[in-house]
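Report on the following structure.
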Amino acid sequence: MAQRFLQLTEVSEILNISSAQAYALVRSGELPAIKIGGRGQWRVEATELESYIQRMYAETKSFVQAHPFGGGGEE
Numbered sequence: 002m003a004q005r006f007l008q009l010t011e012v013s014e015i016l017n018i019s020s021a022q023a024y025a026l027v028r029s030g031e032l033p034a035i036k037i038g039g040r041g042q043w044r045v046e047a048t049e050l051e052s053y054i055q056r057m058y059a060e061t062k063s064f065v066q067a068h069p070f071g072g073g074g075e076e
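Throughout the sequence shown, residue numbering follows the numbering used here, covering 2 to 76 in sequence.
This is the structure in structure tokens:
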């Protein structure tokens with residue numbers, strides 16, 4: 002059975018970003034998550050992470066179509 006909830010460290014590994022960046026995505030609301038337990042640890046549902054990834058693909062596609070020669074200057 003697949004794991005339903007992921008820790009932020011797992012999210013950061015999957016997205017190949019830092020733990021601080023994963024935390025910022027959650028705190029900003031860009032990546033929906035829940036806080037659980039007495040210490041308030043963040044958990045991201047695997048389906049929410051997949052939805053986030055699909056949104057980012059769609060946003061990137063729109064950006065590339067609007068800026069076909071990489072006018073954004075970011076990697």
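Beta carbons: idealized from backbone N, C-alpha and C, even for Gly.
Buried or exposed (CB count within 10 angstroms, at least 16 for buried), residue i
i, result
"Ala34", "buried"
"Ala21", "exposed"
"Val45", "buried"
Own chain, CB closer than 8 angstroms to residue i, minus 5 neighbours either side, in chain order
i, result
"Pro69", "none"
Coil, strand or helix - residue i by DSSP
i, result
"Gln22", "helix"
"Leu7", "strand"
Same chain, Cβ closer than 7 angstroms to residue i, five either side skipped, listed in chain order
i, result
"Leu26", "Leu32"
Boundaries of the beta strand (DSSP E) in which residue i is found, first to last residue
i, result
"Gln42", "Gln42 to Glu46"
Beta-carbon contacts of residue i that lie in its chain and below 6 angstroms, excluding the five residues immediately before and after
i, result
"Glu49", "Pro33"
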